[in-house]
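S.K.:
Chains as they are written, first to last, in our numbering: chain A, 1 to 246; chain B, 1 to 516; chain C, 1 to 476.
(1) Find the nearest neighbour of residue 298(C) within the set 110(C), 81(C) and 342(C), judged by alpha-carbon distance.
(2) Taking C-alpha atoms, which residue in 280(C), 178(C) and 157(C) lies nearest to residue 246(C)?
(3) Since residue 418(C) meets chain B, which of its residues come closer than 9 angstroms, beta carbon to beta carbon?
(4) Tell me which residues of the segment 21-36 of chain A have at least one Cβ-Cβ distance to chain B shorter than 7 angstroms, keeping chain order.
(5) Please decide whether residue 21(B) counts as near chain C, where near means a Cβ-Cβ distance under 9 angstroms.
(6) What number of angstroms, rounded off, separates the C-alpha of residue 369(C) from the C-alpha of residue 259(B)?
(7) Residue 147(C) and residue 85(C): beta carbons closer than 9 angstroms?
(8) Name the residue from 214(A), 207(A) and 176(A) whose alpha carbon lies nearest to the alpha carbon of residue 226(A).
(9) Near residue 167(B), which residues of its chain fall below 7 angstroms by C-beta distance, leaving aside the five closest residues on each side in sequence?
(10) Is it the case that the Cβ atoms of residue 102(A) and residue 160(B) are separated by a distance below 9 angstroms?
(11) Just the Cα atoms here: how many angstroms apart are residue 170(A) and residue 177(A)?
(12) Exposed or buried, which one is residue 202(A) when buried takes at least 16 other CB atoms within 10 Å?
(13) Do residue 16(C) and residue 268(B) have their CB atoms nearer than 9 angstroms?
(14) Give a yes or no on whether 9 angstroms exceeds the smallest Cβ distance from residue 62(C) to chain B.
(15) Could you tell me which chain A residues have their CB closer than 7 angstroms to the CB of residue 150(B), listed as they occur along the chain?
(16) Run through the segment 271-355 of chain C for me and flag every whole beta strand (DSSP E) of 3 or more residues, listed as ranges in chain order.
(17) Suppose contacts are defined by Cβ-Cβ distances below 9 angstroms. Is residue 277(B) in contact with residue 344(B) by that definition?
(18) Looking at residue 76(C) and residue 100(C), is the spacing between their C-beta atoms short of 9 angstroms?
(19) Since residue 264(B) meets chain C, which of its residues come closer than 8 angstroms, beta carbon to beta carbon?
(20) Applying the criterion that 16 or more other CB atoms from any shown protein chain within 10 Å of the CB defines a buried residue, is residue 296(B) buried or exposed?
(21) What residues in the segment 173-206 of chain C have a beta carbon less than 7 angstroms from any beta carbon of chain B?
(22) Between the C-alpha atoms of residue 271(B) and residue 457(C), what's the straight-line distance to the nearest angstrom?
(23) Just the chain B side, please: which residues come within less than 8 angstroms of residue 142(C) by C-beta, in chain order?
(24) Pull up the CB-CB distance for residue 218(C) and residue 210(C), whole angstroms please, since I reckon it's below 8 angstroms.
(25) So, with DSSP's three-state summary, where would you put residue 13(A)?
(26) Does the beta carbon of residue 68(A) sit closer than 9 angstroms to a beta carbon anywhere in chain B?
(27) For residue 47(A), count the other beta carbons within 10 Å of its own beta carbon; 16 or more makes it buried, fewer makes it exposed. Which is it?
(28) Leaving aside the five residues before and after residue 195(C) along the sequence, list all residues of the same chain whose C-beta is less than 8 angstroms from its C-beta, in chain order.
(29) What's the call for residue 102(C), buried or exposed, on a 16-neighbour Cβ count within 10 Å?
(30) Near residue 189(C), what residues of its chain come up, given a Cβ to Cβ distance below 7 angstroms and the 5 sequence neighbours on each side ignored?
(31) In three-state DSSP terms, what is residue 86(A)?
(32) Near residue 415(C), what residues of its chain come up, given a Cβ to Cβ distance below 6 angstroms and the 5 sequence neighbours on each side ignored?
(33) Looking at C-alpha atoms only, which residue of 412(C), 314(C) and 46(C) is the closest neighbour of residue 394(C)?
(34) Find out if the Cβ-Cβ distance for the pair residue 228(C), residue 467(C) is shorter than 9 angstroms.
(35) Output needed for residue 363(C): all residues of its chain with C-beta closer than 6 angstroms, excluding positions within five of it in sequence on either side, in chain order.
(36) What does the alpha-carbon distance come out to for the pair residue 183(A) and residue 84(A)?
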């Protein structure tokens with residue numbers, strides 16, 4: 001493979017909270033353009049904290065996060081230009097329509113010259129129903145809001161995308177649609193980091209899968225390596241045994 | 001970038017239920033209030049004009065200075081439509097005579113003493129009560145609410161510096177408040193201008209503009225306080241509680257307690273006048289008595305006091321000389337004592353001024369009371385305006401007394417208008433009165449002859465009062481008002497400034513994560 | 001089941017931040033008001049003492065020399081009482097009493113803006129203007145409950161249903177066999193219990209502060225009124241708890257129920273009670289100014305004079321019958337006419353206010369205010385009663401003089417002629433003195449009854465509304 005610098009890079013990242021909990025323990029990650037990396041782990045394993053560290057919502061105790069080569073902690077504003085975020089279960093602005101929400105966040109993300117059609121195009125792309133485009137978001141179901149969240153990330157057109165539990169609470173059809181979009185985005189060359197505890201989807205979409213336990217990355221496999229193993233067995237295994245050096 | 005945030009914040013607020021409900025209530029109340037107060041103002045203006053005309057008319061028919069019943073009227077202030085203050089209660093005119101320096105006004109419009117439980121709302125109290133609440137409702141969850149719903153993380157995942165978010169929210173909420181506020185002002189002005197009879201001039205509009213600007217400053221400080229509290233907590237409910245308590249305390253409780261206490265302290269500690277008045281009036285009575293003892297009256301016949309006026313008109317020569325001698329002395333004594341009595345009042349006034357200063361200082365701490373004070377100073381319908389008017393009355397009294405002095409009013413034409421001869425009718429009258437039974441509390445039947453007597457002489461030459469000093473009272477110019485209110489205005493500005501900084505620092509450290 | 005829900009709710013309410021804030025607010029306000037009341041009370045007692053001393057002085061003079069007209073008048077003043085702290089009801093802005101002139105008989109309201117005239121001087125001296133900042137509310141315990149505690153009640157209750165719906169616990173609760181009404185009942189009972197605590201604290205603080213100061217005498221009458229006041233307050237607060245619960249059952253979003261509750265509270269407590277002021281300017285309620293009333297009094301005199309003009313002129317030759325006619329017929333009628341004019345306007349003023357108060361029955365805050373002032377024996381009912389007492393005293397005084405004078409003919413106070421007291425001196429101790437009687441509790445409760453009944457109706461109405469609405473509430 002041609003050497004390309006990683007868009008998302010965590011370099012010996014650690015985070016210890018004030019109450020002493022070690023949420024992230026010397027994490028090293030490199031996510032390249034055109035790949036989907038799924039971060040697996042139980043609740044409290046450190047997945048969300050990792051994403052929060054990438055977004056500079058909390059400062060790291062040691063180590064650094066890089067987005068597109070920029071130190072997130074030193075120059076957050078510059079770094080955030082290159083990443084899009086899909087949060088879990090965002091309510092969005094209920095009094096506004098889907099398009100108005102999309103418009104607002106697009107402008108916030110720096111895209112000020114888009115036309116109505118551009119918004120409609122993106123919303124169609126994520127399979128959001130046409131009639132919902134100009135409906136108030138407060139009546140949206142969870143799946144619809146999720147799709148809108150993804151379209152917000154897409155329209156920013158950033159090289160990296162961070163997703164926090166994107167498929168939680170989605171019905172199978174919506175989840176399938178979601179995976180299709182992820183595949184498309186991957187082809188467009190985006191670097192995608194996705195935290196989830198949905199093992200099966202992770203295996204479907206992830207080019208690489210990492211398992212976190214108690215803040216440490218205890219295992220990392222590529223899709224080819226996983227072909228011959230059952231991910232679920234490994235996952236459960238690692239949930240119960242001591243972390244080994246990998 | 002900031003414009004996007006401002007636009008979103010505005011739109012979100014305007015579409016919300018709380019905004020529409022509060023603005024609806026504010027509009028209804030304000031229109032009712034302006035219409036009612038405009039009518040009231042017009043009625044008072046009419047009374048004022050009638051009073052002034054009557055007074056002017058009566059000034060044309062003054063035969064002697066002792067008949068001079070001068071009334072000075074306080075012109076109703078059109079700004080009282082927007083800030084009622086105590087204008088409607090404190091009286092509309094003062095009687096000016098050389099025996100007493102005027103210290104208060106008569107004829108207030110609150111005629112039913114039992115009706116104090118019904119006060120009414122003016123625009124300034126609508127701003128204080130409803131707009132503050134609206135400001136709090138719009139800002140209490142501006143930050144904590146977005147955190148709880150996840151939008152804060154989403155927003156902060158973009159390359160937007162935090163201060164821009166804060167600034168955008170602040171301006172957005174402020175604009176959402178300013179739009180209906182402007183609507184209220186404009187509709188109020190429209191109602192006033194369209195009504196017949198209101199005397200509105202440039203000073204009115206510029207004072208109103210000053211009031212408008214201070215409302216903006218006030219609402220700005222409320223919004224920033226709300227944003228600050230919102231940025232200190234991750235639960236909107238806590239922010240709401242704190243802000244609502246703040247609202248209750250600064251809009252209702254604190255002014256009630258502090259004003260109530262100060263008023264009561266003032267009436268407690270300014271009893272000096274009442275206590276010492278008796279001895280002064282006794283002294284005055286004795287001084288007058290001395291004059292009568294020193295200059296004995298020729299006792300041609302007993303004079304029932306109610307005939308005094310008549311007597312002055314047709315008094316026989318020996319009485320004339322007597323009066324010419326004692327009246328100037330008497331009236332000078334009255335004047336002297338008027339000044340002494342006023343000095344008593346000033347002692348009390350000085351004590352009151354101290355207490356008022358303390359009260360204003362304590363109230364200057366809160367933005368709501370700052371705003372109330374600026375409204376008071378701008379409209380001049382409150383305590384400050386009233387005291388200024390009374391001060392002007394006292395100055396006028398000095399020029400009035402000086403005028404009397406120049407014209408030698410007491411000596412020359414105090415009591416008698418020049419006829420050198422009595423007419424037959426008048427001689428007849430003198431005979432009849434001589435005959436009459438003199439009764440101690442003789443009242444009515446004397447009065448009957450009095451009426452006759454006063455009608456006797458239509459040819460009385462009236463005094464030429466063309467150079468009479470005029471009473472001029474101008475409301476302060478806008479620059480003077482701004483100067484007087486400067487400290488309070490600066491107070492509001494610094495409130496905004498300080499709370500913006502506090503909100504800024506708090507927001508910079510604010511944890512945007514949803515479940516943190 | 002109900003007990004469980006109740007217990008959980010009570011714990012949640014009391015441990016909440018809002019409880020703490022309200023506790024602090026209530027105690028702070030009650031203490032501040034106590035200080036205000038005490039300084040007021042001291043001033044009023046001083047005034048009362050001065051006026052009582054003056055009255056005594058006048059009566060002593062009168063007993064020695066009844067013919068000295070300068071001393072034949074006393075001032076009947078309402079005595080300041082501790083009950084004013086429970087409900088001031090703007091009593092401090094009312095006229096404080098009457099000037100009773102023994103002869104010619106006159107009972108005249110003491111106006112606050114009266115010019116001070118030195119005795120024996122005809123030159124009026126204007127008083128200083130006591131500028132009072134316009135008060136939206138009077139600082140008393142009624143305000144604390146009517147305003148602060150009702151606000152707290154609404155805050156406690158607005159989230160009752162919508163909050164639990166949003167938190168998802170509503171569905172959880174109803175996944176169990178729980179009666180719908182239990183849920184609402186638990187919320188209601190818990191809110192009421194949570195309100196009792198600050199209420200009691202406020203009342204105890206008030207009683208203690210007044211007691212400690214030893215300026216104000218606390219009688220058993222006062223304490224029993226305090227108890228009745230507490231019960232009345234609970235009745236009132238219940239209305240607002242129900243209003244909060246009601247808004248919670250008609251919305252599905254706690255933000256909406258909050259705004260709705262706040263607006264309802266603002267309307268019922270702040271805006272509505274003050275609004276009848278608008279109507280005061282209507283012709284029906286308009287009363288003339290003090291000066292205009294005095295002019296009318298003078299005109300009434302003149303009218304009577306005109307009426308008897310001819311007869312009087314005819315009698316002028318015979319001095320004896322002339323004077324007798326004046327004394328027996330004309331002067332009494334003049335005095336009667338003057339008194340009639342004064343009484344007429346006083347009655348009209350009171351009637352105007354009582355009628356306007358009726359407009360306010362829509363607002364539970366007003367109902368509570370009127371009921372509290374009736375229970376405390378202050379306010380306009382108190383003034384009416386005082387007026388009746390003053391009239392009785394005036395009549396009684398004249399009867400006393402009649403007995404002493406030995407005059408057998410019946411006559412009205414206006415017909416009383418000081419000449420009948422032929423240089424007699426009275427025993428000062430025998431002269432009736434004016435002692436204001438406190439209204440009996442039975443009477444007070446009777447006055448309060450209509451308002452209390454309306455409050456009870458309000459409660460019942462809201463109760464049914466709340467339960468009805470919640471029964472149909474969409475729990476999802």
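We put the beta carbon where it would ideally sit given N, CA and C, even for glycine.
M.R.: For this structure:
(1) As a first step, residue 298(C) is located in the third chain; it is residue number 298 there, counting from the start. Checked all of 110(C), 81(C) and 342(C); the closest Cα to residue 298(C) is 342(C).
(2) Position 246 of the third chain, counted from the start, is the residue given in the question as residue 246(C). Per the Cα distances, 157(C).
(3) Here residue 418(C) is taken as the residue at index 418 of the third chain, counted from 1. The premise fails here: residue 418(C) is roughly 11 angstroms from chain B at the closest Cβ pair, so nothing lies under 9 angstroms.
(4) none
(5) Reading the second chain from its first residue, position 21 is the one you call residue 21(B). Output row for residue 21(B): interface = yes.
(6) Here the question's residue 369(C) lines up with position 369 in the third chain. Here the question's residue 259(B) lines up with position 259 in the second chain. C-alpha separation (whole angstroms): 22 angstroms.
(7) In the third chain, counting from the first residue as 1, residue 147(C) sits at position 147. In the third chain, counting from the first residue as 1, residue 85(C) sits at position 85. Contact flag unset, no.
(8) The count along the first chain starts at 1 and reaches residue 226(A) at position 226. Looking at the Cα atoms, 207(A) is the closest of the given residues.
(9) As a working note, residue 167(B) is residue 167 in the second chain. The answer, listed in chain order, is 2.
(10) The sequence position of residue 102(A) within the first chain is 102, counting from 1. The sequence position of residue 160(B) within the second chain is 160, counting from 1. No; because the gap between Cβ atoms is not below 9 angstroms, this pair is not in contact.
(11) Stepping through the first chain from its first residue, residue 170(A) is reached at position 170. Stepping through the first chain from its first residue, residue 177(A) is reached at position 177. If you take the alpha carbons of residue 170(A) and residue 177(A), they lie about 10 angstroms apart.
(12) Stepping through the first chain from its first residue, residue 202(A) is reached at position 202. Buried is the call here.
(13) For the purposes of this step, residue 16(C) is identified with residue 16 of the third chain, where counting begins at 1. For the purposes of this step, residue 268(B) is identified with residue 268 of the second chain, where counting begins at 1. No, these two residues do not count as a Cβ contact at 9 angstroms.
(14) In the third chain, residue 62(C) corresponds to position 62, counting from 1. No - not a single Cβ of chain B is within 9 angstroms of the one on residue 62(C).
(15) As a first step, residue 150(B) must be located in the second chain, where it is residue number 150. By Cβ distance, chain A contributes 87, 89, 90 and 91.
(16) none
(17) Taking the first residue of the second chain as position 1, residue 277(B) is located at position 277. Taking the first residue of the second chain as position 1, residue 344(B) is located at position 344. Going by C-beta atoms, residue 277(B) is nearer than 9 angstroms to residue 344(B).
(18) In the third chain, residue 100(C) corresponds to position 100, counting from 1. In the third chain, residue 76(C) corresponds to position 76, counting from 1. Yes; because the gap between Cβ atoms is below 9 angstroms, this pair is in contact.
(19) Numbered from its first residue, the second chain carries residue 264(B) at position 264. The contacting residues are 36, 39, 40 and 43.
(20) Reading the second chain from its first residue, position 296 is the one you call residue 296(B). The residue is exposed, with fewer than 16 neighbouring Cβ atoms inside 10 Å.
(21) none
(22) Reading the second chain from its first residue, position 271 is the one you call residue 271(B). Reading the third chain from its first residue, position 457 is the one you call residue 457(C). Whole-angstrom Cα-Cα distance: 49 angstroms.
(23) Position 142 of the third chain, counted from the start, is the residue given in the question as residue 142(C). Ordered by position in chain B, no residue passes the 8 angstroms Cβ test against residue 142(C), which lies about 12 angstroms from the chain.
(24) Along the third chain, read from residue 1 onward, the residue named residue 218(C) stands at position 218. Along the third chain, read from residue 1 onward, the residue named residue 210(C) stands at position 210. At roughly 6 angstroms, the Cβ-Cβ gap stays under 8 angstroms, so residue 218(C) and residue 210(C) are in contact.
(25) The sequence position of residue 13(A) within the first chain is 13, counting from 1. It is a strand residue.
(26) Position 68 of the first chain, counted from the first residue, corresponds to residue 68(A). Answer no: the Cβ-Cβ gap between residue 68(A) and chain B never drops below 9 angstroms.
(27) Here residue 47(A) refers to the residue found at position 47 when the first chain is read from its first residue. Classification of residue 47(A): buried, given that the 10 Å Cβ count is 16 or more.
(28) As a working mapping, residue 195(C) is identified with position 195 in the third chain. Cβ neighbours of residue 195(C) beyond the five flanking positions: 149, 152, 153, 156, 234, 237 and 241.
(29) The count along the third chain starts at 1 and reaches residue 102(C) at position 102. By the 10 Å Cβ count, residue 102(C) comes out buried.
(30) Your numbering for residue 189(C) matches position 189 in the third chain. Cβ within range, chain order: 6.
(31) For the purposes of this step, residue 86(A) is taken as the residue at position 86 of the first chain. Strand.
(32) Reading the third chain from its first residue, position 415 is the one you call residue 415(C). Result list for residue 415(C): 332, in chain order.
(33) Position 394 of the third chain, counted from the start, is the residue given in the question as residue 394(C). Taking only the C-alpha atoms, the option nearest residue 394(C) is 412(C).
(34) Reading the third chain from its first residue, position 228 is the one you call residue 228(C). Reading the third chain from its first residue, position 467 is the one you call residue 467(C). No, the Cβ-Cβ distance between residue 228(C) and residue 467(C) is not below 9 angstroms.
(35) As a first step, residue 363(C) must be located in the third chain, where it is residue number 363. Taken in chain order, the residues that qualify are 268, 272 and 273.
(36) Indexing the first chain from 1 puts residue 183(A) at position 183. Indexing the first chain from 1 puts residue 84(A) at position 84. About 16 angstroms.
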